[in-house]
Amino acid sequence: MALSVKRWSQRRLLYPIAIFAIIAPTVVMGLFGAYALREIELRPSLYREELRNVQDGLGLELEQRISELRLEPPAGEDDLPRVSDEVRKYFANYNRAFASRCFYGINGRVLGSHSVEGQHNLPVPVVLQDALTTLAQNPRPGLTRESLSVNLTGGQRREPTPYVVYQGGSGFLAWELIPSEVDRLVNGYLERVALENDSLVLQPTDRHNLDWRSRPNDRYETLGFVPVHAELLPTRYVVLKLDADRQFYKDSKLLSSIFVIIAVLCVPIVASATLMVVHMILRESSEARKKVDFVSNVTHELKTPLTSIRMFVETLKLGRVKNPEQVNACLDTIMTETDRLGALIDHVLSFSKVENQVKKYNFQLANLPKVVRDTISLFRAQMSGQDGEIRLKVLPGVPSEATFDKDAIREVVLNLLSNAIKYSGDDKFVTVMVGVDRNDLFIEVADRGVGIPPEEQARIFEKFYRVDQALSRKVDGTGLGLAICREIVQAHDGRITVESMWGKGSRFTVYIPYKRAKAPTRRTTTVTTRSTAVSDRVHTGEHPVPPAESRVTAGDAT
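Its first residue numbered 1, the sequence shown is counted upward by one per residue in our numbering.
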């Protein structure tokens, strides 16, 4: 996983992912917040629109019933029998009657009347007569319809009786609507209306019962009201109420709760992504500074051997050295500096392969103590006459064969030995130990050098990082050795640890999972004689290397 994240970071994939992790939750919160606010703000207006739709539908149904009362008013007194017959026919269908009485006449005078009970010559209410007289004084061309609300109770608190008056020329018909039939029509329609929100309730009421005020114990809250029919029934209203214990408040709370949940989930994501971006920017800037130092160090490392090579080549070319022994010494120096230059280039190339995940490992069976011993001998040969002592100790129980990449492990040991010698000061004594720890093989390299401060130990495996810049300037290096070691060990599914005390030395330990060598299949050869059968078995297996201790000094190499 670490390698994958690292590869993504190198390919700059984490930046767009982190930016997306910042932008996406922010956009989600913004959109949902806007939606929630819009819902909360527009929900009442949507409800009022729904109320207006109910009013329109109810008005159409009421008009349909009123249209049955549209009869031709009498043109004169000789036309009264026709009108009387048509009114009787209407009242004959008792169950369909929407009016209880009908008064008809000419010029505001009532000349005839009928009721749904079959009565005629009914007394005309005084208020109705006054209204008819007023209408006769202002005649309109054609057939017109007027709506009257007549209070027949003498001013008592009761809704007035609705009348529908058709007037044509000088004649008129005044129908007294049945309040119970009007209520039945209104209630029946409201029951059939399907509202989108089941917490809404439609209720018919009279004008004097309208009240906007909300009381603490009221279950219903008034959202709006409209007249059933502004012309025919101006005193009857349809009220849209909300069940306060149900959906509206729950919807508001639900939207708020969802927004809080989204915020709780998104804020950590945004914060984490922001911190990730900041961390990556800081890390990139830190690595940029380290790369500058790395280029400077590598330039110095390359320049030093090149200067030596050039100087000795010029010396040989100009013939300043005549003695064969001195010539050989110059050639040896050139060879040494060339090897040093090649090692530095190999070091940088090796890190490039490891860093770009293109290094190939050749895992095969090998003897770890022998590989370490050969590596120590190789390192001693490269010390070029430097003082120092390297002691190798192989603990009992180390298997003779294990699976690992010999060249990669040799590179790890060389890097650790190089650091141990370079940072050991005057006491260049290094101990190398090879052993088994449970299921891991380990290689331990300990020195008595300057040590590593505790606050720096967590960073020494970072690429380009060097401890104590003042000391690092005196010691050659690129800051890549330990980074290469860590990558190689991780490729072996192992780990590398460090224990150090400032001024007392350091101990690096490499752990590699122990993969046993598979024993070849046992073969059995059977020789049959006349009396017996003899089995000859060839046993193969692993034999631990006996404890061995080697001491490498300036004079010998193990």
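Heads up, the beta-carbon is just placed ideally off N, CA and C, and yes, glycines get one too.
Since the structure is predicted, the reported quantities are computational estimates derived from the model, not experimental observations.
When DSSP labels each residue in this structure, what does residue i get in the three-state scheme?
{"i": "valine 372", "result": "helix"}
{"i": "serine 9", "result": "Unreliable placement is indicated for serine 9, whose pLDDT of 49 sits below 50; no coordinate value is reported for it."}
{"i": "leucine 210", "result": "coil"}
{"i": "histidine 229", "result": "strand"}
{"i": "arginine 448", "result": "coil"}
{"i": "proline 587", "result": "In the structure as shown, the chain starts at 1 and stops at 558, and residue 587 therefore has no counterpart that could be examined."}
{"i": "arginine 52", "result": "helix"}
{"i": "isoleucine 178", "result": "coil"}
{"i": "alanine 318", "result": "In the sequence on display, residue 318 carries leucine and not alanine. Coil, per DSSP."}
{"i": "tyrosine 237", "result": "strand"}
{"i": "valine 201", "result": "strand"}
{"i": "histidine 492", "result": "coil"}
{"i": "proline 160", "result": "coil"}
{"i": "valine 413", "result": "helix"}
{"i": "alanine 194", "result": "coil"}
{"i": "leucine 173", "result": "strand"}
{"i": "serine 424", "result": "coil"}
{"i": "alanine 99", "result": "strand"}
On the CB-based measure, 16 or more other CB atoms within 10 Å of its CB, does residue i come out buried or exposed?
{"i": "tyrosine 94", "result": "exposed"}
{"i": "threonine 307", "result": "exposed"}
{"i": "isoleucine 23", "result": "exposed"}
{"i": "valine 239", "result": "buried"}
{"i": "glutamate 411", "result": "buried"}
{"i": "threonine 235", "result": "exposed"}
{"i": "isoleucine 376", "result": "buried"}
{"i": "leucine 71", "result": "buried"}
{"i": "arginine 466", "result": "buried"}
{"i": "threonine 133", "result": "exposed"}
{"i": "phenylalanine 363", "result": "exposed"}
{"i": "serine 350", "result": "buried"}
{"i": "isoleucine 460", "result": "buried"}
{"i": "proline 396", "result": "exposed"}
{"i": "isoleucine 421", "result": "buried"}
{"i": "aspartate 405", "result": "buried"}
{"i": "leucine 62", "result": "buried"}
{"i": "phenylalanine 20", "result": "exposed"}
{"i": "proline 324", "result": "exposed"}
When DSSP builds the beta bridges, which residues end up paired with residue i?
{"i": "tyrosine 220", "result": "Asp243"}
{"i": "threonine 307", "result": "Bridge partners of threonine 307: none, in fact."}
{"i": "leucine 331", "result": "DSSP output for leucine 331 lists no bridge partner at all."}
{"i": "serine 506", "result": "Ser500"}
{"i": "methionine 433", "result": "Lys393 and Glu444"}
{"i": "glutamate 146", "result": "Val165"}
{"i": "valine 110", "result": "Gly105"}
{"i": "glutamine 364", "result": "Phe404"}
{"i": "tyrosine 511", "result": "Phe442 and Arg495"}
{"i": "histidine 120", "result": "His114"}
Does the distance from the C-beta atom of residue i to that of residue j stay below 7 Å?
{"i": "serine 100", "j": "glutamate 176", "result": "yes"}
{"i": "valine 445", "j": "proline 369", "result": "no"}
{"i": "serine 418", "j": "glycine 451", "result": "no"}
{"i": "cysteine 266", "j": "proline 453", "result": "no"}
{"i": "phenylalanine 426", "j": "serine 506", "result": "Looking at the sequence itself, residue 426 is aspartate, so the reference to phenylalanine does not match. Against a cut-off of 7 Å, the Cβ pair of serine 506 and aspartate 426 comes out as no contact."}
{"i": "serine 149", "j": "proline 160", "result": "yes"}
{"i": "leucine 173", "j": "tyrosine 163", "result": "no"}
{"i": "asparagine 439", "j": "tyrosine 511", "result": "no"}
{"i": "isoleucine 309", "j": "glutamate 287", "result": "no"}
Can residue i be considered in contact with the ligand MN, in the sense that its beta carbon sits closer than 6 Å to one or more heavy atoms?
{"i": "alanine 230", "result": "This structure does not include the ligand MN; it has no bound ligands of any sort."}
Which runs of the alpha helix (DSSP H), 4 residues or longer, sit entirely within the region 53-97? 80-92
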